[in-house]
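Protein chains: 8
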Amino acid sequence: MQQYNWDINRADRTGVPEAVLCSSKSVQQIVEIIDLSITESRRILLTRLAKEKFDQIPSLIQQRLDYCSQSATAILDKVEFLDNEHKRVVIVTAGTSDMAVAKEVARTLEFSSIPADIICDVGVAGLWRLLDRIHEINTYPIVIACAGMEGAIFSVLAGLINTPLIAVPISVGYGVSNKGKTALESALASCAPGVLTVNIDNGFGAACAAIKMYNMFDKLRGNQYG
Amino acid sequence: MQQYNWDINRADRTGVPEAVLCSSKSVQQIVEIIDLSITESRRILLTRLAKEKFDQIPSLIQQRLDYCSQSATAILDKVEFLDNEHKRVVIVTAGTSDMAVAKEVARTLEFSSIPADIICDVGVAGLWRLLDRIHEINTYPIVIACAGMEGAIFSVLAGLINTPLIAVPISVGYGVSNKGKTALESALASCAPGVLTVNIDNGFGAACAAIKMYNMFDKLRGNQYG
Amino acid sequence: MQQYNWDINRADRTGVPEAVLCSSKSVQQIVEIIDLSITESRRILLTRLAKEKFDQIPSLIQQRLDYCSQSATAILDKVEFLDNEHKRVVIVTAGTSDMAVAKEVARTLEFSSIPADIICDVGVAGLWRLLDRIHEINTYPIVIACAGMEGAIFSVLAGLINTPLIAVPISVGYGVSNKGKTALESALASCAPGVLTVNIDNGFGAACAAIKMYNMFDKLRGNQYG
Amino acid sequence: MQQYNWDINRADRTGVPEAVLCSSKSVQQIVEIIDLSITESRRILLTRLAKEKFDQIPSLIQQRLDYCSQSATAILDKVEFLDNEHKRVVIVTAGTSDMAVAKEVARTLEFSSIPADIICDVGVAGLWRLLDRIHEINTYPIVIACAGMEGAIFSVLAGLINTPLIAVPISVGYGVSNKGKTALESALASCAPGVLTVNIDNGFGAACAAIKMYNMFDKLRGNQYG
Amino acid sequence: MQQYNWDINRADRTGVPEAVLCSSKSVQQIVEIIDLSITESRRILLTRLAKEKFDQIPSLIQQRLDYCSQSATAILDKVEFLDNEHKRVVIVTAGTSDMAVAKEVARTLEFSSIPADIICDVGVAGLWRLLDRIHEINTYPIVIACAGMEGAIFSVLAGLINTPLIAVPISVGYGVSNKGKTALESALASCAPGVLTVNIDNGFGAACAAIKMYNMFDKLRGNQYG
Amino acid sequence: MQQYNWDINRADRTGVPEAVLCSSKSVQQIVEIIDLSITESRRILLTRLAKEKFDQIPSLIQQRLDYCSQSATAILDKVEFLDNEHKRVVIVTAGTSDMAVAKEVARTLEFSSIPADIICDVGVAGLWRLLDRIHEINTYPIVIACAGMEGAIFSVLAGLINTPLIAVPISVGYGVSNKGKTALESALASCAPGVLTVNIDNGFGAACAAIKMYNMFDKLRGNQYG
Amino acid sequence: MQQYNWDINRADRTGVPEAVLCSSKSVQQIVEIIDLSITESRRILLTRLAKEKFDQIPSLIQQRLDYCSQSATAILDKVEFLDNEHKRVVIVTAGTSDMAVAKEVARTLEFSSIPADIICDVGVAGLWRLLDRIHEINTYPIVIACAGMEGAIFSVLAGLINTPLIAVPISVGYGVSNKGKTALESALASCAPGVLTVNIDNGFGAACAAIKMYNMFDKLRGNQYG
Amino acid sequence: MQQYNWDINRADRTGVPEAVLCSSKSVQQIVEIIDLSITESRRILLTRLAKEKFDQIPSLIQQRLDYCSQSATAILDKVEFLDNEHKRVVIVTAGTSDMAVAKEVARTLEFSSIPADIICDVGVAGLWRLLDRIHEINTYPIVIACAGMEGAIFSVLAGLINTPLIAVPISVGYGVSNKGKTALESALASCAPGVLTVNIDNGFGAACAAIKMYNMFDKLRGNQYG
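So, in structure tokens, the structure goes:
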């Protein structure tokens, strides 16, 4: 019995990339999915593909994949960037430990030809680091922030920019912040209006939301100028 | 001692409206804030202003307020809509009980001259109701969904549209869904990528996020065509 | 001291199979139980029997077992299906990761001579996949759905069929959905009336409930036509 | 704007009754819904209709309603029982405090012409009370048990009957059992296989599940004998 | 039977004031305690003494009390400030709704002859408000911050001052921040090292901790210069 | 620095045995403690001493220890039973998986010269197993029950005996019962009055409580007959 | 339909008193139960009978009841104490707010002819209060401690006495201690071995456990001296 | 891209040490940070540096580090103590298992030239151990207590000293105390006023708070005597 079932028109219908969450799949299942994708000429993004699993993929298939170990993502048949320069996203991280998820965001955007820059380790414990970069951050149409622990950066940032902020709570820390729950609730309960939140460590989801915002932009522009 | 402190340039800095959360303030505090706003010629939005509190406001001040009891919001010095027609938002509710929050969304957008339509009571238990309206929903650049109980509509909707979906979990129901926690976690854990979530019953926040998306649109358009 | 104590007339009294939950038992305990079952000519179903434990069972005993590694179940003395064709169950999964539990359901039913079909990977993020199969699903007297993450499929399915739906929440995902709690609460709080829920990952329990429904059918038929 | 939207073919599609959850609706909304139902000649069941709300309904409309204050339910246009005698359900309660929900179950079944008997106050603290009635309970094709506190009766009952058991956890008690959570988790974690669970206090849902089981019976019988 | 039992040497032993938590005591019990205090010439602080309870106290006793309704505290036999000017505390609040607890802090300090200033409504959503006052805040030896919602101000403040910060989480807000839990966990999980936390709404405890810090100062000064 | 500090008169003062919880101690620390005990001629009980740690203890010391791997306990200088026959305890387990903790209870009692019998695997899913033994159980002055999952046996037992029942919740199971929380809350919320509860898996504590009950007996007997 | 069902031989079977938990029963139900008890000449204990409900009971019936408003208990047909003097219990409370539950303990014991003394307001914040009384406490065969907040008294007491300690967590306090959960977990996690715990505010249950301990004493004494 | 960003003036601004939390960083990242610190002549403290990671650091760099395996901390370029003798801190632990965190406190203080003494294993189960040392403890200006399980020592200590107490809840134990949550809530809900709490296992944070208290002392002394 075939145990997966492509959502074949997802990209057309929802505008988000074809992606495979590998964390709960066996190497064999992952290889079958890549094989089928190659056969059907689909580009796909693989997320949460641990290094140990990647290493067990046959080398002929490995060669087709652009793998990034920090974000644990692979791209089948990476393409050059389209001319999309105005659609830019900045990813802001509170600490070094948030980089793995920040990279997952960047890779998902890259897969969809949207360039992303990362400004890292600007947590509010040393507020000047964030204030030094705030003008630069404010030049981007969309800001995605990654933070664990108490996630205070979400509120501070949201109070300083006038474009959407997507908060990605990160599961780093210990004690009460252990699993990212405090950062998540901090984003949801923010005193700064309009913070948008995704699941803990869900870099892929944050990137998809940014892509959908650019879809909205295209739709609006089409309505007005088309 | 004056017990509040205007964030005087909030609208300029972040693009979201001046608003006063009235639920934890006394009538006296609310009246002082309105008075000061009138003096300083500020337009403000009052949220979670219960009918009983509104009724205790002196009538001269009441007359300046446009009050809506279903959403428990008041607008000081309501203005006519600007010519903003292309910036539209649709608010989708799963059930009748979600209307109070849906109206809070609509009133906040209205305060910012963004027209909003409500499509109500299209929960997935009777899926045809949603499918009948999905084409219409897909014509809006931004969709805000309000749902309590298990919040299944968030995932179904997100899989059918290609623009941003903001999920507002609602605190209706009983047993495990009592306080909106299940709907909230449902939105965060959605199998459909890119769902954006705000706090339970936070209609105001969802509207602010939509406003920030339109700010992004204006910024981008400025960049490209300005 | 003998550390177990057969519930010797369970099948007669409750109609559900003799089964041994192996996850918290040592290999030695498991072997003793199988030995005793062979001696007493009992058929038994072993659940949550990890591959590593199975591999340590003496080969003479292994040969008596029909082992399935995906579901981690073993059947002692598998028998041919009885003529039970009208008693059918369909198992619907939201994603590929739900297959292990879906197979546990199927194996438990098979042990009781009830045929089960699996329709996999039809989660609501790509709703058309479910709608394409809904007519087929509706031909079965009992539907068992397995889903993790937000479990939205439980409500959608329950609104589309008129026979019992048993929801099995699955412990896949990360962040708020990590341990299956969100899918569980989603099933319990469903806006579609009549969803029946079992414990997280409890494929065995869901199958037993289906068996009891068919017992009810036999009892009723006996009453009416016997 | 009309704030509700009939799921007009629910009964045909899913076999469960048209029902209105009144707890989060205003009297005005409830009256409008009843009015519309009368106009459209629909029979409806109103649940969680508190006595104070019922008393505010205009008397002409009240007269059309069969109201039960213990279960807080009302039936619009009650009909005589159809000849459905073989489709019987027994409702077992652990204590006197579970009666309100037990009656909600009975009223929902009654609305659908399924007779229900209640055996009350047979909790396991005085086990003989349950054992005295177990033969009688075993004559019913479906058993629904209502219990708060620790819900031990669910496991004891499930081990003594061979037909489906639907557990309805009840929000009575104090301390750790305060909101019905312990009874709920007790049902889900039962050591007796096949217990089916619904949301806390969800008598309506338990009845709907029983109705769907009888739908299954009719479908099967149709298949075999039709 | 006498139902209370003075901890008669608490002030000497621990340096914190004699206080009576009134929330779970009857008016009769409170009156008896005040009577006894008057008889024994004790000064006491009454906390969480709701206005309705205060109003039921006989007027002869009322006259001995200095009551503050915003903080719900009363002081029996208020005394003039000792010459303690160098022992100052600043109380910073994120919003207007935090004032009740801020006043409980101030009143407890006042009872112990430590002057306290309140800087209110400087939450980080409008960061400039806090930055404008940070130099002033930094002139105080001890800072106590009161904040509800996500409590981001705790981390921002702690990163800007070099003296102790005591965080008092406040139970304002709704949804995930409803009971002060998010603000509490935010303070505990702060990325800024050295934040000290007390129970939700525990203004009295925060003040006692500040008093103990000044006790430490006196002890040290005694050691060095005595 | 010596990192432990004997509570040297614990047995005299509280009547419970000198014991060392080994789970969070290094092998080196454990060996030092045993050494010291030998030097000071103390008998001690070691609990949660995993087999891997035991195997690293020098053999000369090992020989002094009576080790039981199922309960992970060791007794230094085991002694013969005193003439204590009337002080008996029965340990009842719901399933085979509860044996490790049941043995910890028995070993702790044995260390204190109180004989204990174990009646295992008599969970309520097959109620006859318990009813068959209830007369025998009722001959013991103290009953300790060990159960995981939903812990229904606590209530059933407590309703059938007139002497104290100590409930030990066990951390077996999966899903909602995963960590023993459901069994714990079930014991606390029991509908049968007088169930006494200890921490999850705390066999040692349950045994100490039984020892204290026998201390009470000795004290009372002394008072009356001494 | 009669909605209650006497557990008619409870006292004989389990040794605990016939009692009626009134909190979730209507006045009418309570009156019916008392009536029936009078008819059948049963003595009963009514717990959680609020003053407002008691006041609605017909005066002829009221006169038969010995009512205590602080503990909200009533005794039907109070009898003189039997000659039971050696069976004594001491109830220790941490604060004045724990008195209501302490009285529920005392009244339940009194109903069963066991005298109880209360030592109140000896919480560990002023440790000398407890140490002053510890010799006296140690003369009782059974100690029941009532405490809310952090429940530290449970561990301190258990380390100072050699007879059983029953901990009753109390639902007083605010913030994290609000519902008695912290005191409950403190009792369960106590570093002093052998603390026995009952549900939050469950004074009745604690008394029943003490009664069962005295049953054990009688059984043992019978065995030895009978 | 450089993935860290020194908060270069942290010590000057906030008075707490430059520290690197190593638990979520790779060996490579840690080495780069140490390298950079050496280049820039910064002293740094490394916390949660597991032995396995330390062993992978190149030996030339290792030689610069003063490593302590019990506390998992390393100090780059340890210096001799300044003449700071009057600034002393005492660390009190409830049990042997709390030593790792106690050492993290001591090492952080040592890095900042503040001497710390540890008084270990004086938990309240054997209260005399604490009472024997209380006079000595009371000679220190600041007390830091480390305790897991139920954390009763926090309240007992706070009631016996008149200087600040910082509570560090420890993640030892099992069952309800498993992750340090009970000890944390016990500290927050303490009946003894003024207990200050930090995150579970956060020895570093407790030490930073003590440092900030001494900063306060210096500031005050400067004000008065400077």
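Residue numbers (the UniProt record's numbering), protein chains in the order written: chain A, 1 to 226; chain B, 1 to 226; chain C, 1 to 226; chain D, 1 to 226; chain E, 1 to 226; chain F, 1 to 226; chain G, 1 to 226; chain H, 1 to 226. We treat Cβ as the ideally placed atom computed from N, Cα and C, and that holds for glycine.
For A/Ser186, would you say it is in contact with chain E, using Cβ-to-Cβ distances shorter than 8 Å as the test? On the first sequence, position 186 is the one that residue 186 of chain A refers to. Yes, its Cβ sits closer than 8 Å to a Cβ of chain E.
Compare the Cα-Cα distances from E/Asp218 to each of H/Tyr140, H/Ala207, H/Val27 and H/Gln62 and report the closest residue. Within the fifth sequence, numbered from 1, the residue matching residue 218 of chain E stands at position 218. For the residues H/Tyr140, H/Ala207, H/Val27 and H/Gln62, the minimum Cα distance to E/Asp218 belongs to H/Tyr140.
State the DSSP-derived secondary structure class of E/Thr39, mapped to helix, strand or coil. Indexing the fifth sequence from 1 puts residue 39 of chain E at position 39. In the structure shown, E/Thr39 sits in a helix (DSSP, three-state: H, G or I).
So what's C/Leu143 in DSSP terms, helix, strand or just coil? One-based indexing of the third sequence puts residue 143 of chain C at position 143. A small correction: the amino acid at residue 143 of chain C is Val; Leu does not occupy that position in the sequence shown. Reduced to three states, the DSSP call for C/Val143 is strand.
Residues of chain B with CB closer than 9 Å to the CB of D/Arg42, please, in chain order. As a position in the fourth sequence, residue 42 of chain D is number 42, starting the count at 1. Correct list: empty, because the minimum Cβ distance to chain B is about 14 Å.
Mind checking if F/Val20 is an interface residue toward chain G, Cβ cutoff 8 Å exclusive? Walking along the sixth sequence from the start, residue 20 of chain F turns up at place 20. False, the Cβ-Cβ gap to chain G never drops below 8 Å.
Per-residue contacts from B/Asp12 into chain E (C-beta, under 9 Å): Along the second sequence, read from residue 1 onward, the residue named residue 12 of chain B stands at position 12. Chain E residues near B/Asp12: none, gap ~11 Å exceeds 9 Å.
Taking 8 Å as the threshold, find out whether the stretch 104–111 of chain D comes into contact with the stretch 204–216 of chain D through three or more Cβ pairs. yes
Own chain, CB closer than 7 Å to E/Gly15, minus 5 neighbours either side, in chain order: Taking the first residue of the fifth sequence as position 1, residue 15 of chain E is located at position 15. Correct list, in chain order: Ile211, Lys212 and Asn215.
Does the CB of D/Lys212 have a neighbour CB from chain C at under 8 Å? Here residue 212 of chain D refers to the residue found at position 212 when the fourth sequence is read from its first residue. Answer yes: the Cβ-Cβ gap between D/Lys212 and chain C drops below 8 Å somewhere.
Beta-carbon contacts of H/Gln3 that lie in its chain and below 8 Å, excluding the five residues immediately before and after: Here residue 3 of chain H corresponds to residue number 3 of the eighth sequence, with the count starting at 1. Excluding residues within five positions, the ones whose Cβ falls inside 8 Å are Gln29.
For D/Thr142, which residues in chain C fall below 8 Å Cβ to Cβ? Residue 142 of chain D sits at position 142 when you count from the first residue of the fourth sequence. Residue identity check: residue 142 of chain D is Ile in the sequence provided, not Thr. Result: Met216.
Tell me, please, which residues DSSP counts as bridged to A/Ala116. For the purposes of this step, residue 116 of chain A is identified with residue 116 of the first sequence, where counting begins at 1. DSSP lists A/Val89 as partners of A/Ala116.
Based on Cα-Cα distance, which residue from E/Leu46, E/Arg42 and E/Arg13 lies nearest to E/Cys22? Translated into positions along the fifth sequence, residue 22 of chain E becomes position 22. E/Cys22 has its Cα closest to that of E/Leu46, out of E/Leu46, E/Arg42 and E/Arg13.
Can at least three beta-carbon pairs, one atom from the stretch 142–158 of chain A and one from the stretch 183–192 of chain E, be found at a separation below 8 Å? yes
Residue burial classification, F/Pro58 (beta-carbon count within 10 angstroms, cutoff 16): Position 58 of the sixth sequence, counted from the start, is the residue given in the question as residue 58 of chain F. Flag for F/Pro58 reads exposed.
Give the residues of chain H in contact with E/Ile166, contact being defined as C-beta atoms less than 8 Å apart. Counting from 1 along the fifth sequence, the entry for residue 166 of chain E is found at position 166. Here the neighbours are Leu196.
Residue-chain proximity (B/Gly180, chain J), Cβ-Cβ < 8 Å: Absent from the structure is chain J; the protein chains it does hold are A, B, C, D, E, F, G and H.
According to DSSP, is B/Ile75 helix, strand or coil? As a first step, residue 75 of chain B is located in the second sequence; it is residue number 75 there, counting from the start. B/Ile75: strand per DSSP, three-state reduction.
Enumerate in chain order the residues of its own chain whose CB-to-CB distance from H/Thr73 is below 7 Å, with the five nearest sequence positions on each side excluded. The residue you call residue 73 of chain H lines up with position 73 of the eighth sequence. These residues qualify, in order along the chain: Leu45, Leu46, Thr47, Leu49, Glu104 and Arg107.
For D/Gly222, which residues of its own chain have a beta-carbon under 8 Å away from its beta-carbon, when the five flanking residues on both sides are left out? Taking the fourth sequence and counting its residues from 1, one reaches residue 222 of chain D at position 222. Correct list: empty, nothing qualifies.
For E/Asn9 and E/Thr39, I'd like the C-alpha separation in whole angstroms. Against the fifth sequence, residue 9 of chain E aligns to sequence position 9. Against the fifth sequence, residue 39 of chain E aligns to sequence position 39. If I take the Cα positions, the gap works out to 17 Å.
Do the CB positions of F/Val122 and F/Ile166 come within less than 8 Å of each other? Stepping through the sixth sequence from its first residue, residue 122 of chain F is reached at position 122. Stepping through the sixth sequence from its first residue, residue 166 of chain F is reached at position 166. In this structure, F/Ile166 does not lie closer than 8 Å to F/Val122 by Cβ.
Of the residues E/Leu36, E/Gly159 and E/Ala125, which one's Cα is nearest the Cα of B/Pro17? The residue labelled residue 17 of chain B in the question sits at position 17 within the second sequence. When only C-alpha atoms are compared, the closest one is E/Ala125.
Cβ shell of F/Ile161 (< 8 Å), same chain only, five flanking positions each side left out: Numbered from its first residue, the sixth sequence carries residue 161 of chain F at position 161. Only Ile134, Ile137, Asn138 and Val143 meet the Cβ criterion.
C-beta neighbour in chain F for G/Val90, strict 8 Å: As a position in the seventh sequence, residue 90 of chain G is number 90, starting the count at 1. Closer than 8 Å: no.
Looking at the secondary structure, which residues open and close the alpha helix (DSSP H) in which F/Val156 lies? One-based indexing of the sixth sequence puts residue 156 of chain F at position 156. Run containing F/Val156: Ala152 to Ala158, per the alpha helix (DSSP H) assignment.
Pick helix, strand or coil for B/Asp55, following the three-state DSSP scheme. Along the second sequence, one-based indexing puts residue 55 of chain B at 55. The answer is helix: DSSP assigns B/Asp55 an H, G or I state.
Distance between G/Cys120 and F/Leu196 (C-alpha atoms, nearest Å): Locating residue 196 of chain F in the sixth sequence gives position 196, where the first residue counts as 1. Locating residue 120 of chain G in the seventh sequence gives position 120, where the first residue counts as 1. Approximately 23 Å, taken between the alpha carbons.
Bridge-paired residues (DSSP) for A/Gly67: Reading the first sequence from its first residue, position 67 is the one you call residue 67 of chain A. Going by the sequence as given, residue 67 of chain A is Tyr instead of Gly. Its beta-bridge partners are A/Ala74.
Contacts around G/Asp35, its chain only, beta-carbon distance under 6 Å, and the 5 residues preceding and following it disregarded: Here residue 35 of chain G corresponds to residue number 35 of the seventh sequence, with the count starting at 1. So the list is empty, once near-sequence residues are dropped.
Ends of the alpha helix (DSSP H) at H/Thr14? Taking the first residue of the eighth sequence as position 1, residue 14 of chain H is located at position 14. That run of the alpha helix (DSSP H) goes Arg10 to Thr14.
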